[in-house]
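Enquirer: Residue numbers (this note's numbering), protein chains in the order written: chain C, 1 to 571; chain L, 572 to 1048.
Each residue gets a CB set at the ideal place from its N, CA and C atoms; glycine is no exception.
The following block contains the structure, expressed as structure tokens.
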């Protein structure tokens, strides 16, 4: 092979940076300038180029300087310079240090089957299934395979709810990788810690909220002081969002700050939030004042003597009246300079509210009084209180008030009682109340609801089952499967419908049912999953339904694979 | 089962186009495949399509290559069903039943029969070729062929002269005039490019079009346009004095001006090297809607020679032979003539096997390697390669001991950091970057790719962590 050109450093003795000889350092720019303005204007290569410029010497040897007017001469020289530069190019030296290596893993790597599962779950667009895969991988003490890490980190960037499930399976390599990409900072544990101050100072509202929430878990007072430090500069929307973080680790030491905001803040929803938080502190002066207002309105008759010697004592009758006016005490009308007027941050009834003026005031009073006071004062459980209000004129105000209080004061007993109360069905708070309960209680409640529905509904009306299931699905923890009891109950019901051919018929008529079944295929306990496999895999002459059935079977298949991966094989 | 199924990446490299890949991925639900089977000879399955009868998809993996057959009406080859079948096998081979159904056996038998017939026919033709020919007739034929060639060279030279005049005119006015008059719809340059097709030198026209397309693109366009036009001028200079050039350079000039060398000539006359050839990188480029170009880089185990096998697929018909990175084949390659021959054709080959886990690929060990160290030697080899054929669009580069670096705050490109702290810019698909980083975890590796004069397009990498292979597909060019 004979080279057409001589490379500027073909000599083997040239080493390292010594090879960085100038390549036509003067000629290159000169030729470019001549080319831009046109060779009609006189141009020539300088007769003495830089010393050691091998290319320049070569050019002069091949093309004597006086011959610049020859056709194509400019391009010829430019072409030769370009070739030499290209051949002699050396990568720039950058001061960036070598990247550190990730720490050795402490967990075992997940098999490729896990990666395939994740990709399938993602392709199906089912966050519930994605969560199950991540949970399974974590339970098996695996870290995700390397080729899955970018997808996981990206998913966590988009879906904040999945982050707590992704974080443990990232492994050392995943955390290391997250540290290299600013978009994935959430996955880089250490950096996130170190970066708290930056996030607080420059972060979005959501990030600042996250900083406060995290700090409230460990050092609640310091978090409040952090908030107090910037309080004056915050717009109303931010104040409202950030004061809400005090619900975590709420204690008497927050009272002074909250009371101040209740009395002084310019924004009504901030004052309302402060009032709700103070109400969750039964020992606060605010709570005491609310109780003092409530006490005269609630009369409890003394308990009647027991009917039989061994029967339990029944609590006395109770009665409630609504306040006449919003005031410090109910009896005299409020003076304009009432020091406690601020206790009623939303005393003004909305124009079209279903409650009347007095009922509205009662609702305000009930929602911001400690729930514990009711059980102590009346000697009744939440259920008993709810059972007896149907005859009461103020029932709606009471239920609304208690619901609001149960949510802001996080009282599971009240939440459960309210959930089972018939009046609540339409109020749209079921999901919020349910989320306050622990998993087994939630499940028991859903099972109860479902059994009640199946038992009380006529066979004809049972065709509306999917709406009821949708409701159950919606109210369930998005990251967990159902327990065996609820799953078995559901499987029995589905089995019957499949056997009678009704389910297939419904699937043909309602496309939305596919979504319900897909959700069920993610939620049912693995033991109960088999029932859905009894659906046929295809229907002749109905490609749309066949396609949906394929999807469903694929999903069941994935669930079963996941179950196998999570079940230790007997060795 | 003794045969190891292809990996997903290897299967996707067989696809005729990107759309088929996507369609195949949509068929990966085992519920769609009532029958799945595989043994050492074939992989088969029945896929539920929109009709009542499932499609019968089968892949012959017994011979030297991989052959698909499907009862679906798709004109793509291989179709999405065939690809999906192999992808499913890559995901979970345990689903496949080794019991071969009759429809598969029949097909395999008919293929074997056809192969035997073809061989017999080939032998017959070769026998006919080797039969003695009348020397006077042969001499006459050669003379005629030479005359035809001479005529074409003259026509091309006439074209080059015309283009030279046009370029000279342009240079007299200056490149600045190009930015005003010729950017956008450039009629005069495209008319000139069309003239070059008439002059049977389409390569000259393509180079002109490419250079003019750079006008106004980026801050340094005048420099890049000048470099391209300069290179074109040197090609025309070479064309005009073709008789005085050595034969290998003549061949390079001929290729660069767009006069391809006949495949049969190469197969008959090209320099032959028999070795165990291992695929060290492949890339498929979609040139336009109907044409895909596949570039397969091979290295000989004993000769350490590099070879480029170039294939084209029209209208999704697929490539005749399947290649995937790390596959190794005992084969005889015939090289196209040239100053430093890289492009080759496969003359004969044995069935491929997976490469043994030795430390391939080898940097060529020359005197310079020992004198300069491996990194400097790699650049030296590249420079030598460029000097040998400066008109090539890209050159192979094998960089040892490099570390992958994500873009830093002040630059946008991914780079490879060499041991002497130099950063080599990469031209790498975004989908490949972070998975590559995750897989290699900052390990030092050898990277093989194509260097286009400005950036390295990486195709594969080897490190202690294992091997990395770039996506087989690159977007439309």
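1) So residue 897 of chain L contacts chain C; which residues on that side make the cut at Cβ distance below 9 Å?
2) Using Cβ-Cβ distances below 9 Å, what residues of the segment 37-53 of chain C are close to chain L?
3) When you compare the CB of residue 787 of chain L with every CB in chain C, is at least one pair closer than 8 Å?
4) Can the beta-carbon of residue 896 of chain L be found closer than 8 Å to that of residue 1040 of chain L?
5) In terms of residue numbering, what span does the alpha helix (DSSP H) encompassing residue 373 of chain C cover?
6) In whole angstroms, what is the alpha-carbon distance linking residue 531 of chain L and residue 82 of chain C?
7) 8 Å is my cut-off, CB to CB: does residue 530 of chain C come that close to chain L?
8) Check each candidate in C:441, C:430 and C:287 and name the one with the smallest Cα separation from residue 365 of chain C.
9) Based on the DSSP output, what are the partners of residue 608 of chain L in its beta bridges?
10) Counting along the chain, where does the alpha helix (DSSP H) carrying residue 493 of chain C start and finish?
11) Indicate the three-state DSSP secondary structure (helix, strand or coil) for residue 1031 of chain L in the structure shown.
12) Out of C:74, C:367 and C:274, which one is the CA nearest neighbour of residue 293 of chain C?
13) Name, please, each residue of chain C whose Cβ falls closer than 8 Å to the Cβ of residue 808 of chain L.
14) Can you tell me which of C:508, C:500, C:494 and C:521 puts its alpha carbon nearest to the alpha carbon of residue 481 of chain C?
15) Using 7 Å as the cut-off, classify the Cβ of residue 644 of chain L as near or not near the heavy atoms of the ligand NAP, replying yes or no.
16) Let me know if residue 276 of chain C comes out buried or exposed under the rule of 16 or more other beta-carbons within 10 Å of its beta-carbon.
17) Here's the rule I'm using: 16 or more other beta-carbon atoms within 10 Å means buried, otherwise exposed. How should residue 674 of chain L be labelled?
18) CA-CA distance, residue 657 of chain L and residue 628 of chain L?
19) So which residues of chain L does residue 181 of chain C contact, with C-beta pairs closer than 9 Å?
20) What are the start and end residues of the beta strand (DSSP E) that includes residue 994 of chain L?
21) Beta-carbon separation of residue 169 of chain C and residue 144 of chain C under 8 Å?
22) Within the same chain, show all residues whose beta-carbon is closer than 8 Å to that of residue 150 of chain C, passing over the 5 residues directly before and after it, in chain order.
23) Starting from residue 576 of chain L, trace the beta strand (DSSP E) in both directions and tell me its first and last residue.
24) Could you tell me whether any Cβ in chain L is nearer than 8 Å to the Cβ of residue 178 of chain C?
25) Are residue 418 of chain C and residue 449 of chain C close, meaning C-beta to C-beta below 8 Å?
26) Do we get a CB-CB distance below 8 Å when we pair residue 573 of chain L with the residues of chain C?
27) Can you find a CB in chain L that lies within less than 8 Å of the CB of residue 61 of chain C?
28) Who are the neighbours of residue 804 of chain L on chain C, taking C-beta pairs under 7 Å?
29) For residue 1037 of chain L, which residues does DSSP report across the bridge?
30) Could you give the first and the last residue of the continuous alpha helix (DSSP H) run that contains residue 769 of chain L?
31) Can you give the Cα-Cα distance for residue 613 of chain L and residue 632 of chain L, rounded to whole angstroms?
32) Roughly how far, in whole angstroms, is the beta-carbon of residue 849 of chain L from the beta-carbon of residue 879 of chain L, given that I think they are within contact range, below 8 Å?
33) Report the residue from C:254, C:110, C:538 and C:466 whose alpha carbon sits nearest the alpha carbon of residue 284 of chain C.
34) When the cut-off is 8 Å and only beta carbons count, does residue 629 of chain L lie next to chain C?
35) Closer than 8 Å is the cut-off here; do at least three beta carbon pairs connect the segment 530-545 of chain C with the segment 500-508 of chain C?
36) Restricting to Cα atoms, I'd like to know which of L:966, L:1017 and L:979 is closest to residue 973 of chain L.
Expert: The answer reads as follows:
1) Correct list: empty, because the minimum Cβ distance to chain C is about 17 Å.
2) 37, 38, 39, 40 and 41
3) no
4) yes
5) 371-378
6) Limits of chain L in this structure are 572 at one end and 1048 at the other, which puts residue 531 of chain L out of reach.
7) no
8) C:287
9) L:615 and L:668
10) 484-499
11) strand
12) C:367
13) In chain order: 72 and 76.
14) Residue C:521 is the option with its Cα nearest to residue 481 of chain C.
15) This structure simply doesn't include the ligand NAP, nor any ligand for that matter.
16) buried
17) exposed
18) 10 Å
19) Per Cβ cutoff of 9 Å: 977, 1005 and 1008.
20) 994-996
21) yes
22) 177
23) No beta strand (DSSP E) holds residue 576 of chain L; DSSP gives it neither H nor E.
24) no
25) no
26) Low confidence applies to residue 573 of chain L: its pLDDT is 49, below 50, so where it sits in the model is not reliable enough to give any reading.
27) no
28) 72, 75, 76 and 79
29) L:1034
30) Membership of residue 769 of chain L in the alpha helix (DSSP H) is indicated by the continuous run 758-769.
31) 5 Å
32) Incorrect: roughly 14 Å between the Cβ atoms, too far for contact.
33) C:254
34) no
35) yes
36) L:1017
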